Amino acid sequence: MKRWRNLRARGMGIIPGDIVGLYVEKDRLLYCCIRKGLFGVSLKEPGPDLAPHGTITGTDYSGLRKFLDGLYPSKFEMFLALPRSTFFARDMSLPAMDLEEAWASVQNNLSVYCHLPLDEIYHDVLLSQYDDGRINALVFYAHRKEIDRVLSVFDEAGKRHLLKRVVPFSMGVYHWLNMQGYRMPLTLVLPSQEGSYELGLYSDEGFLYSASWPQSEGATVGELVLEGLAAKFGNVNGEPYFLDGHNTPGLPPPKPNRLNGLPLINENPSVAAIAGALSRGRQISLDGRPVKVRQLRPWHVLLPLCVILFLLLGYLTLSSYKEVRGVGEEVKLAGARAQRLREKIEPLEKEINRLEESEKLFRDIESYVKGKPDLYKVINEIASVVPEGTWFSHLSYDKGKLTLRGTSNDALQVLKSLRKSEMFGEVRLVGSVSRNRFDNERFRIVLHLVESKGQESKRP
């Protein structure tokens with residue numbers, strides 16, 4: 009079903025804080041103090057002489073005065089639930105429309121539905137929308153003088169700035185039912201509240217209906233109340249449950265109790281104010297504050313995401329640090345083992361280098377010895393075929409190739425003479441031919457030797 013700001017919150021808070029829930033009647037006060045955090049809630053003592061939850065009796069709100077005077081100076085957020093006898097309730101049915109239009113329509117018709125002058129009341133409106141777009145409006149209003157009597161106690165104690173919200177007890181019960189995961193719809197008779205019983209109709213869409221009658225008529229719901237409920241909402245899931253724990257059928261305890269550690273709501277009604285404080289659903293307050301449709305603000309989403317991201321990054325950083333530190337230790341041990349191996353290998357490497365140098369020297373000597381007789385033959389062959397007057401100033405040998413640099417009267421004649429020899433394969437001039445001051449030609453010739461069978465047999 010469609011819901012409008014009526015989410016089932018779990019009571020978790022990103023930013024830790026202390027919350028005090030109060031249920032106030034003229035002759036008694038019930039309170040409960042908790043600390044909320046990222047992982048849940050826990051009980052906390054609100055003052056040096058105060059238990060985490062309890063009851064203080066007195067007359068004319070003296071119990072509330074005593075409680076406020078006994079608080080620690082630390083900052084609390086206070087949420088106040090008042091009995092049904094303090095309020096009046098009116099419900100309206102509206103056709104399908106936008107919530108903003110429904111809000112304006114209810115505000116414009118308050119003077120018709122409320123039996124008191126508007127300038128003498130505090131009021132707020134709870135809107136709930138069905139799947140087909142129809143809207144149910146539940147209006148709570150109270151005498152200003154009744155609410156101001158309670159607010160004046162906070163003013164006298166200097167604690168008015170800590171009071172965040174004033175709600176009917178039955179509204180806090182709705183948030184508590186949602187948080188505990190009860191199946192809806194649910195019709196519930198609430199315990200006696202300062203001389204009055206109350207019947208509430210709760211559904212997935214919201215808190216739809218509230219009716220009250222004097223305690224003197226007993227807890228059994230009168231025929232008139234049931235007829236009015238059936239006329240507006242039809243058959244709503246059978247007979248109503250009782251929250252007081254004495255009449256039957258009683259409301260089953262929550263399974264599991266998602267506010268574990270806190271007293272149950274029928275044991276301490278101030279838990280209703282705690283549930284309203286922890287809920288992210290639609291809220292109302294009857295203390296003269298401007299009424300408005302609650303809107304989703306970006307930081308409501310971004311702040312939890314940022315905190316979760318920060319915690320995740322912190323966890324990953326810590327895990328990475330531990331892993332890097334472990335790898336560093338392994339690297340250090342591996343480095344020590346490698347150093348020991350290097351110390352053992354170093355003498356072997358030196359010995360291998362000496363052997364390689366000896367092998368190279370042996371190959372050079374062997375090559376020189378095998379090539380020496382042929383090289384003499386080549387030189388003799390060159391001397392026998394070149395023309396008279398030829399002079400070679402440089403000779404170099406490299407892998408079957410001779411490079412000659414010299415002078416002659418005719419370089420081309422020298423080239424032709426060398427090509428006639430069967431000892432040379434390819435004979436060619438390299439570079440340009442020039443003349444010196446004696447009119448001789450300077451040249452450079454490359455000879456490729458033709459290997460003889462004798463040379464081939466000498467090769468390994």
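Numbers given in my numbering equal positions in the sequence shown, counted from 1, plus 8. Glycine is no exception: its CB is placed at the ideal position from the N, C-alpha and C atoms. Here the structure is a predicted model, which is why all the values come from computation and not from measurement.
When you compare only the Cα positions, how much space is there between residue i and residue j?
i, j, result
"Ser416", "Leu383", "22 Å"
"Met9", "Ile143", "Low local confidence applies: a pLDDT of 31 at Met9 is under 50, so the model's placement there is unreliable, with the coordinate-based value given in what follows. Distance between the alpha carbons of Met9 and Ile143 is about 13 Å."
"Val233", "Ile316", "49 Å"
"Arg36", "Ser70", "8 Å"
"Gly334", "Leu341", "11 Å"
"Ala419", "Arg371", "37 Å"
"Thr63", "Ser328", "52 Å"
"Leu270", "Asn276", "9 Å"
"Arg73", "Val133", "30 Å"
"Thr94", "Ala281", "16 Å"
"Tyr217", "Ala239", "12 Å"
"Leu403", "Leu455", "11 Å"
"Thr228", "Tyr323", "56 Å"
"Thr325", "Phe47", "22 Å"
"Leu51", "Ser160", "28 Å"
"Ala17", "Asn186", "In this predicted model, Ala17 has a pLDDT of only 37, less than 50, meaning its place in the structure is not dependable; the value taken from the coordinates is given anyway. Going by the C-alpha atoms only, they are around 8 Å apart."
"Asn124", "Leu294", "Checking the sequence shown, residue 124 turns out to be Leu, not Asn. About 15 Å."
Buried or exposed for residue i, going by 16 or more other Cβ atoms inside 10 Å?
i, result
"Leu313", "exposed"
"Leu457", "buried"
"Ala344", "exposed"
"Phe432", "buried"
"Tyr205", "buried"
"Glu109", "exposed"
"Glu33", "buried"
"Gln201", "buried"
"Tyr149", "buried"
"Glu434", "exposed"
"Gln347", "exposed"
Tell me, please, which residues DSSP counts as bridged to residue i.
i, result
"Glu206", "Leu198 and Ser220"
"Cys41", "Val28"
"Ile387", "BP columns for Ile387 are empty, so no partner."
"Glu85", "Ile27"
"Gly55", "Leu58"
"Tyr405", "Leu410"
Which residue comes first and which comes last in the alpha helix (DSSP H) that contains residue i?
i, result
"Ser425", "Ala419 to Arg427"
"Tyr121", "Leu118 to Tyr121"
"Val279", "Ser278 to Leu286"
"Gly71", "Ser70 to Asp77"
Can you give me the start and stop residues for the beta strand (DSSP E) that residue i sits inside?
i, result
"Ala145", "Ile143 to His151"
"Gly180", "From DSSP, Gly180 is part of no beta strand (DSSP E) but of the alpha helix (DSSP H) over Phe177 to Gln188."
"Val254", "One point to set straight first is that residue 254 is His, not Val, in the sequence displayed. His254 -> no beta strand (DSSP E), and no H or E assigned at all."
"Glu434", "Phe432 to Leu437"
"Ile292", "Premise fails: Ile292 is in no beta strand (DSSP E) and is neither H nor E."
"His456", "Glu449 to Leu457"
"Arg413", "Lys409 to Ser416"
"Phe96", "Phe96 to Leu102"
"Val133", "Ile129 to Gln137"
Quick one: measure Cβ to Cβ for residue i and residue j, integer angstroms, because I've assumed they're closer than 8 Å.
i, j, result
"Pro199", "Arg92", "About 10 Å; that fails the 8 Å criterion."
"Asn444", "Arg436", "So it is not a contact: roughly 22 Å between Cβ atoms."
"Cys41", "Val49", "Actually they are not in contact, since the Cβ atoms of Cys41 and Val49 sit about 10 Å apart, beyond 8 Å."
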